[in-house]
Every structure is written in structure tokens, then in C-alpha cells.
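Q: Quick one: structure below, then a few questions.
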Amino acid sequence: MASSKTSIEKKLQGLHLGKVEDGKVESTDSSGVKATSSVQRMKKIQEGFKITYMEMSNVEDGKVLWHDSKWEKIFEEQLEITLPKAILAAKAVSRTMRFSSKEEIGQFRLVQRVLLHVNSWQCVIESAGKNKMIPAHILSGNITIETQFYDGEKPIAKATLRVFYK
């Protein structure tokens, strides 16, 4: 009966949530308690979850160095963003992401990974210092930012960006 599963059921099954049966996802939390939640509810959350904009600012003076509000396909495919090379000269950069949900998310959490070989960064990114930064032409196209959104342990969406500098 695998062919009768909806695409959302297949997607959730692929994310290792647990057993999908009769429109419900069954999983076990860290304490061993079984939790069953409606696939339809997760589908509604996913459909109503949107990123409005993202911007990066210089932490020292608050100046917005980059802003983008075109995120319609962010949960469907990896998007490419182009940051100004000048952002690499900032001592520290903060990233602001505005998002909304039409449905209540009872246990919202966000997981972020910034991938550049084996390095991992937080939302405030500090510079290595003048003359210690990797040049923009080497970084450009080689950094991927992955952000995952969850309701408890249930995935809502995953956004992946490839960063370019100009």
C-alpha cells in the first residue's frame, strides 16, 4: 500500500519521524512516550509557514549590509544569494530572518548550520580580523547556509542558501 501514501506522508516518512499509518505519524520521544500527530495538521503548518525577509547587518553600527525579500521557493530548492564583498570587512555580522505561520506551532525551534568545509557558525558571525579573512573570490559559491524549522521534533521546513559575493 506504499503507493497510496500522500506525498506529505512520504516526505515525513523520509525524515525519520516514525511510522506513517492512516494519515497519522507515530513516533517516540526521548523518554520513550509514543506521540501521534495528524499529517494533515503538519501539512497545514508547512503550507502556512513563510519567510518574509532576511537581512544581514553590521553588529557595531547596525547598518543593514544586505536585505532580500524574495523567498517564495526557499523550501522547494536551494536558492543562491549574493552578498556584498564589504560584508567580509565587518567585525561581526548579525542575521535577521522574519517568518510567519498561519497555524500555531506549539513547540517551535530552529536549527541552523552554516557549512564551509568543516566550520560551523552561529547567527552572529565574527570576522577573523583584517588580513585574516578568506578572500571573497574563494568563499563565493563555497558557503551553504541550511536552516531547519521544527514543531518539537516534527520538521516544518528546511531552507538552503548558497552564498556568493560580488
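Count along the sequence shown from 1, then add 84; that gives the number in the numbering used here.
Don't be surprised by glycine CBs; every beta carbon is placed ideally from N, CA and C.
Considering Gln232, what are the terminal residues of the beta strand (DSSP E) in which it resides?
A: Taking the sequence shown and counting its residues from 1, the one referred to as residue 232 is at position 148. Taken as a continuous stretch (DSSP letters only), the beta strand (DSSP E) holding Gln232 covers 227 to 235.
Q: Let me know the secondary structure DSSP gives Glu144 once reduced to three states.
A: Translated into the one-based positions of the sequence shown, residue 144 becomes position 60. Coil.
Q: Based on Cα-Cα distance, which residue from Leu167, Lys175, Lys147, Phe133 lies nearest to Glu156?
A: Taking the sequence shown and counting its residues from 1, one reaches residue 156 at position 72. Here the closest residue by C-alpha is Phe133.
Q: Distance, Cα to Cα, Thr136 vs Arg179?
A: In the sequence shown, residue 136 corresponds to position 52, counting from 1. In the sequence shown, residue 179 corresponds to position 95, counting from 1. Taking the straight line joining both Cα atoms gives about 14 Å.
Q: Report the three-state DSSP secondary structure of Gly107 (helix, strand or coil).
A: Within the sequence shown, numbered from 1, the residue matching residue 107 stands at position 23. In this predicted model, Gly107 has a pLDDT of only 48, less than 50, meaning its place in the structure is not dependable; the value taken from the coordinates is given anyway. Reduced to three states, the DSSP call for Gly107 is coil.
Q: Counting along the chain, where does the beta strand (DSSP E) carrying Ile240 start and finish?
A: Numbered from its first residue, the sequence shown carries residue 240 at position 156. Run containing Ile240: 238 to 249, per the beta strand (DSSP E) assignment.
Q: Rounded to whole angstroms, what's the CA-CA distance from Lys216 to Arg246? Just pull it up for me.
A: Within the sequence shown, the letter at position 132 stands for residue 216. Within the sequence shown, the letter at position 162 stands for residue 246. Distance between the alpha carbons of Lys216 and Arg246: 22 Å.
Q: Pull the bridge partners of His151 from the DSSP assignment, please.
A: Taking the sequence shown and counting its residues from 1, the one referred to as residue 151 is at position 67. According to DSSP, which records beta bridges pairwise, His151 is partnered with Glu139.
Q: Specify the secondary structure class of Ile165 as computed by DSSP and reduced to three states.
A: Here residue 165 corresponds to residue number 81 of the sequence shown, with the count starting at 1. Looking at Ile165 - three-state DSSP - the assignment turns out to be strand.
Q: Have a look at Ala220 and Pro168 and give me their C-alpha separation to the nearest angstrom.
A: Here residue 220 corresponds to residue number 136 of the sequence shown, with the count starting at 1. Here residue 168 corresponds to residue number 84 of the sequence shown, with the count starting at 1. If I take the Cα positions, the gap works out to 9 Å.
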